[in-house]
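Note sheet for the following structure.
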Amino acid sequence: MVDRELVEEATRLLLKGIGEDPDREGLLETPARVARMYAEIAAGMDEDASEHLARTFSVSSNDLVIERDIPFHSLCEHHMLPFYGTAAIGYIPDGRVAGLSKLARTVEVFARRLQLQERLTSQIADALMEHLAPQGVIVQLSAEHMCMTMRGVRKPGASTVTLARRGAFESNPGLEQRFFELLRA
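Note that the numbering used here has the sequence shown beginning at -9, numbered continuously upward.
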């Protein structure tokens, strides 16, 4: 749970620290706005992916299911700057599937907290394995990191791609290849 009062206090201190006057007209409401923003973009801290993955539906086919181009945004835990991009999820059901919106909600649960892209990718894959019990899961994230774009190395447009494979996707390279072929379709 985000302590809005504490975030407001910290924001006032930050404004003073960078040489601003938190009491000037344009900044009077900034601490409250920042507190509301962090409550929204860090909402995943209070959520559990199991809430979204608990309801499943039986299927007679165990063919590959892919949801791609799922937009997400998160905050880098090193600089607290945004990174954003898209997720692609593939899984092979074992008689049960989740509603498609639940896959996107799972991405959001883990993205809405201070993160590393590598951890985010693994958390999504692990949650799907745990709660859907599929034969296998593959998750790919592609993102641009503002900590590389607007500071430091300053390389706008650089993309970081991470991949997590579980179950059948680890033992069967053909499944991984099929996933990537379908992403290009």
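Even for Gly, the Cβ is constructed at its ideal location relative to N, Cα and C.
query = Mind checking whether L110 and F100 have CB atoms under 7 angstroms apart?
reply = Yes, Cβ-Cβ distance for L110 and F100 is below 7 angstroms.
Which residues bound the beta strand (DSSP E) around E57? Start and end: V55 to C66.
By the three-class DSSP mapping on this structure, what secondary structure does L18 have?
DSSP places L18 in coil when its eight states are reduced to three.
Residue range of the alpha helix (DSSP H) that includes G7
Its alpha helix (DSSP H) spans residues R(-6) to G7.
Discussion item. Quick check on the burial criterion: 16 or more other C-beta atoms within 10 angstroms. Buried or exposed for E98?
Written reply: E98 sits buried, since 16 or more C-beta atoms from the chains shown fall within 10 Å of its C-beta.
Let me make sure I understand the geometry here. Which of G7, Y81, D11 and D(-7) has the alpha-carbon closest to that of A29?
It is D(-7).
Helix, strand or coil for S48, going by three-state DSSP, please let me know. DSSP, reduced to helix, strand and coil, places S48 within a strand of the structure shown.
Here's the rule I'm using: 16 or more other beta-carbon atoms within 10 Å means buried, otherwise exposed. How should V129 be labelled?
By the 10 Å Cβ count, V129 comes out buried.
| query | Going by Cα to Cα distance, which pick from R155, C137, L153 and G126 is closest to D53? | reply | The shortest C-alpha separation from D53 is found at G126.
Self-check item: Uninterrupted alpha helix (DSSP H) stretches inside the region 80 to 141 (no shorter than 4 residues)
Solution: Considered as a whole, the region 80 to 141 harbours 90 to 101, 107 to 122 and 136 to 139 as its complete alpha helix (DSSP H) runs of no fewer than 4 residues, in chain order.
Since A154 is in the beta strand (DSSP E), which residue starts that stretch and which ends it? T150 to G157 is the extent of the beta strand (DSSP E) around A154.
**Q.** Touch test, the region 102 to 109 against the region 15 to 34, Cβ-Cβ under 8 angstroms, three pairs minimum
**A.** As far as the Cβ criterion goes, the region 102 to 109 touches the region 15 to 34, which means the pair count is three or higher.
With which residues is Y74 paired in a DSSP beta bridge?
DSSP lists H63 and E134 as the beta-bridge partner residues of Y74.
| Below 8 angstroms, can you find three or more Cβ-Cβ pairs linking the region 21 to 28 to the region 134 to 149? | Because the criterion of three Cβ pairs below 8 angstroms is not met, the region 21 to 28 and the region 134 to 149 do not touch.
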